[in-house]
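Novice:
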Amino acid sequence: MTQTPDKNSPLPDRETADILCIGSVLWDVIGRSASVMRHGSDVPGRITRLPGGVAMNIANTLVRFGLTPALLSAVGRDAEGNDLVAACAARGMITSTIYRSDDLPTDRYMAVEGANGLIAAIADAHSLEAAGAKILGPLSDGRLATADAPYTGPVALDGNLTLELLSEIAHDALLAQADLRVAPASPGKAERLGPFLQTARGTLYVNLEEAGLLCQSHFETSRAAAEGLIARGAARVLVTDGGGDATEGRPDGFLTQTPPQVLVTRVTGAGDTFMAAHIAAETGGADPEAALARALRAAAVYVSGETAL
Numbered sequence: 001m002t003q004t005p006d007k008n009s010p011l012p013d014r015e016t017a018d019i020l021c022i023g024s025v026l027w028d029v030i031g032r033s034a035s036v037m038r039h040g041s042d043v044p045g046r047i048t049r050l051p052g053g054v055a056m057n058i059a060n061t062l063v064r065f066g067l068t069p070a071l072l073s074a075v076g077r078d079a080e081g082n083d084l085v086a087a088c089a090a091r092g093m094i095t096s097t098i099y100r101s102d103d104l105p106t107d108r109y110m111a112v113e114g115a116n117g118l119i120a121a122i123a124d125a126h127s128l129e130a131a132g133a134k135i136l137g138p139l140s141d142g143r144l145a146t147a148d149a150p151y152t153g154p155v156a157l158d159g160n161l162t163l164e165l166l167s168e169i170a171h172d173a174l175l176a177q178a179d180l181r182v183a184p185a186s187p188g189k190a191e192r193l194g195p196f197l198q199t200a201r202g203t204l205y206v207n208l209e210e211a212g213l214l215c216q217s218h219f220e221t222s223r224a225a226a227e228g229l230i231a232r233g234a235a236r237v238l239v240t241d242g243g244g245d246a247t248e249g250r251p252d253g254f255l256t257q258t259p260p261q262v263l264v265t266r267v268t269g270a271g272d273t274f275m276a277a278h279i280a281a282e283t284g285g286a287d288p289e290a291a292l293a294r295a296l297r298a299a300a301v302y303v304s305g306e307t308a309l
């Protein structure tokens, strides 16, 4: 099946998008309780359904920072998909670049959170994985770029794509001139970012656990994790550790900062908020220290339950 844009949404000019967000766009179904939860807990709380997915969460925060993101993802033509695309467009995102499939259902993510943090989560991104390289169509068909005039702006890329497609992106000329910012989506998918270590491409945004998985090691601090990733070939990394220190690492040096301490009321999406805020800060011309401080502040405000600005 060929990609067809949403007939109700005009095609964007290549200059319209400030940044591309490539990866999962799905429905987040989140159950939250104020109670501490253990295995088998059955407690009162609230269940919400909101547009989610790593690419969408990053895009949503970028919009709040004044940027216009274009979404490259896969969304079904079912009722849930139509509602999801409409919700993303209403939030200020370019949705005509989304691959809409007649055969694949819209993906979903389900999580349960208690007062003691994330209890469990399941990400069903099978349609995104099945769509594969079809989601990259706008990068070669003229809507965002062509083979002769490749895209050169910032790109937020998430690890919900298959290892095969991530490897293709890491090696292909399609995004060779882009400013790649890459996140693994979850610890279980961290090792999919291996190709970006091998090619020394992009900026990797990972937490302490994900850094350990990528390095097949265990780290006690974000600084040690950043040093480990750079030693394994990463061009640049941002390593977070929840409420602990965060470190930016490059081959020529490291920068470590401590985030503001806040009362945690939610955790799903915190890493995406950090990444988006950091990208927005650097896009706006902030230096490394200011960009990292702004990202940590935005993530702290987010987990406290406020708006991440």
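For the sequence shown, full-length UniProt numbering begins at 1 and goes up steadily by one.
The beta-carbon is built from N, C-alpha and C at its ideal position, and this holds for glycine as well.
Source: prediction; values computed, not measured.
Let's see if you can read the secondary structure: which residues bound the alpha helix (DSSP H) around residue 275?
Specialist: The sequence position of residue 275 within the sequence shown is 275, counting from 1. Its alpha helix (DSSP H) spans residues 270 to 283.
Novice: Quick one: what's got a C-beta closer than 6 Å to residue 2's C-beta in the same chain, skipping five residues either side?
Specialist: As a first step, residue 2 must be located in the sequence shown, where it is residue number 2. Any reading at residue 2 is ruled out, since the residue's pLDDT is 38, under 50, leaving its predicted position unreliable.
Novice: On a CA-only basis, which of 86, 139 and 181 is nearest residue 150? Give me that one, please.
Specialist: Counted from its first residue, the sequence shown places residue 150 at position 150. Comparing alpha-carbon positions, the option among 86, 139 and 181 lying closest to residue 150 turns out to be 139.
Novice: Hey, could you find the ends of the beta strand (DSSP E) residue 112 is sitting in?
Specialist: Mapped onto the sequence shown, residue 112 falls at position 112. First-last of the beta strand (DSSP E) with residue 112: 108 to 114.
Novice: Name the residue from 75, 98 and 142 whose alpha carbon lies nearest to the alpha carbon of residue 126.
Specialist: Within the sequence shown, numbered from 1, the residue matching residue 126 stands at position 126. Out of 75, 98 and 142, 75 has the C-alpha closest to the C-alpha of residue 126.
Novice: Among the candidates 184, 44 and 203, whose CA atom is the shortest distance from the CA of residue 35?
Specialist: Along the sequence shown, read from residue 1 onward, the residue named residue 35 stands at position 35. Put simply, of 184, 44 and 203 the residue whose alpha carbon is nearest the alpha carbon of residue 35 is 44.
Novice: Which of the three DSSP states, helix, strand or coil, is assigned to residue 28?
Specialist: Against the sequence shown, residue 28 aligns to sequence position 28. The answer is strand: DSSP assigns residue 28 an E or B state.
Novice: Buried or exposed: residue 308, going by 16 or more other Cβ atoms within 10 Å of its Cβ?
Specialist: Position 308 of the sequence shown holds residue 308. Only weak support exists for where residue 308 lies, its pLDDT of 47 falling under 50; the value from the coordinates is given anyway. Classification for residue 308: buried.
Novice: Taking one C-beta from the segment 195 to 203 and one from the segment 163 to 171 each time, how about it: are there three or more such pairs within less than 8 Å?
Specialist: Three or more beta-carbon pairs separated by less than 8 Å link the segment 195 to 203 to the segment 163 to 171, which places the two stretches in contact.
Novice: According to the Cβ coordinates, are residue 234 and residue 274 closer than 8 Å?
Specialist: Start at 1 with the first residue of the sequence shown, and residue 234 comes out as number 234. Start at 1 with the first residue of the sequence shown, and residue 274 comes out as number 274. Cβ atoms of residue 234 and residue 274: not closer than 8 Å.
Novice: For the alpha helix (DSSP H) containing residue 69, list its first residue and its last residue.
Specialist: Locating residue 69 in the sequence shown gives position 69, where the first residue counts as 1. Careful: residue 69 lies outside any alpha helix (DSSP H), inside the beta strand (DSSP E) at 69 to 72.
Novice: Can you tell me which residues form a DSSP beta bridge with residue 254?
Specialist: In the sequence shown, the residue the question calls residue 254 occupies position 254. According to DSSP, residue 254 bridges with 249.
Novice: Going straight from the alpha carbon of residue 107 to that of residue 59, what length do you get?
Specialist: Within the sequence shown, residue 107 is the residue found at index 107, counting from 1. Within the sequence shown, residue 59 is the residue found at index 59, counting from 1. Cα to Cα, the separation comes out at about 17 Å.
Novice: How many Å lie between residue 94 and residue 260 at the Cα?
Specialist: Translated into the one-based positions of the sequence shown, residue 94 becomes position 94. Translated into the one-based positions of the sequence shown, residue 260 becomes position 260. Near 33 Å, if we compare the C-alpha coordinates of residue 260 and residue 94.
Novice: When you compare only the Cα positions, how much space is there between residue 205 and residue 283?
Specialist: The count along the sequence shown starts at 1 and reaches residue 205 at position 205. The count along the sequence shown starts at 1 and reaches residue 283 at position 283. Rounded to the nearest whole angstrom, the CA to CA distance from residue 205 to residue 283 is 16 Å.
Novice: Express the C-alpha separation of residue 136 and residue 174 in angstroms, rounding to a whole number.
Specialist: Start at 1 with the first residue of the sequence shown, and residue 174 comes out as number 174. Start at 1 with the first residue of the sequence shown, and residue 136 comes out as number 136. Answer to the nearest angstrom: the Cα atoms are 9 Å apart.
Novice: In this structure, what does DSSP give as the bridge partners for residue 154?
Specialist: For this step, residue 154 is matched to residue 154 along the sequence shown. Its beta-bridge partners are 179.
Novice: How long is the line joining the alpha carbons of residue 244 and residue 189, rounded to whole angstroms?
Specialist: For the purposes of this step, residue 244 is taken as the residue at position 244 of the sequence shown. For the purposes of this step, residue 189 is taken as the residue at position 189 of the sequence shown. Straight-line Cα distance between these residues: approximately 22 Å.
Novice: Would you please state the rounded distance, in angstroms, between the beta carbons of residue 213 and residue 187? I believe it to be under 8 Å.
Specialist: Counting from 1 along the sequence shown, the entry for residue 213 is found at position 213. Counting from 1 along the sequence shown, the entry for residue 187 is found at position 187. Confirmed, about 6 Å.
Novice: Compare the C-alpha of residue 130 against each of 248, 23 and 247 and name the closest.
Specialist: Position 130 of the sequence shown, counted from the start, is the residue given in the question as residue 130. For the residues 248, 23 and 247, the minimum Cα distance to residue 130 belongs to 23.
Novice: In terms of residues, what are the limits of the alpha helix (DSSP H) holding residue 294?
Specialist: Taking the first residue of the sequence shown as 1, we reach residue 294 at position 294. Counted as a single uninterrupted DSSP element, the alpha helix (DSSP H) harbouring residue 294 occupies residues 288 to 303.
Novice: Select from 181, 97 and 54 the residue whose C-alpha is nearest the C-alpha of residue 142.
Specialist: Looking up residue 142 in the sequence shown gives position 142. Of 181, 97 and 54, the residue nearest in Cα terms is 97.
Novice: In the DSSP assignment, the alpha helix (DSSP H) including residue 95 goes from what residue to what residue?
Specialist: To locate residue 95, count along the sequence shown from 1; it is residue 95. No alpha helix (DSSP H) holds residue 95; DSSP gives it neither H nor E.
Novice: Please list the terminal residues of the continuous beta strand (DSSP E) segment that includes residue 169.
Specialist: Indexing the sequence shown from 1 puts residue 169 at position 169. That residue, residue 169, is in no beta strand (DSSP E); its alpha helix (DSSP H) goes 163 to 171.
Novice: Should residue 357 and residue 294 be called a contact, given that it needs their Cβ atoms to be closer than 8 Å?
Specialist: The question about residue 357 has no answer here: the residues shown for the chain are numbered 1 through 309.
Novice: Going residue by residue through the segment 183 to 248, where are the continuous alpha helix (DSSP H) segments of at least 4 residues, counting only ones entirely within it?
Specialist: 194 to 198, 208 to 215 and 222 to 231
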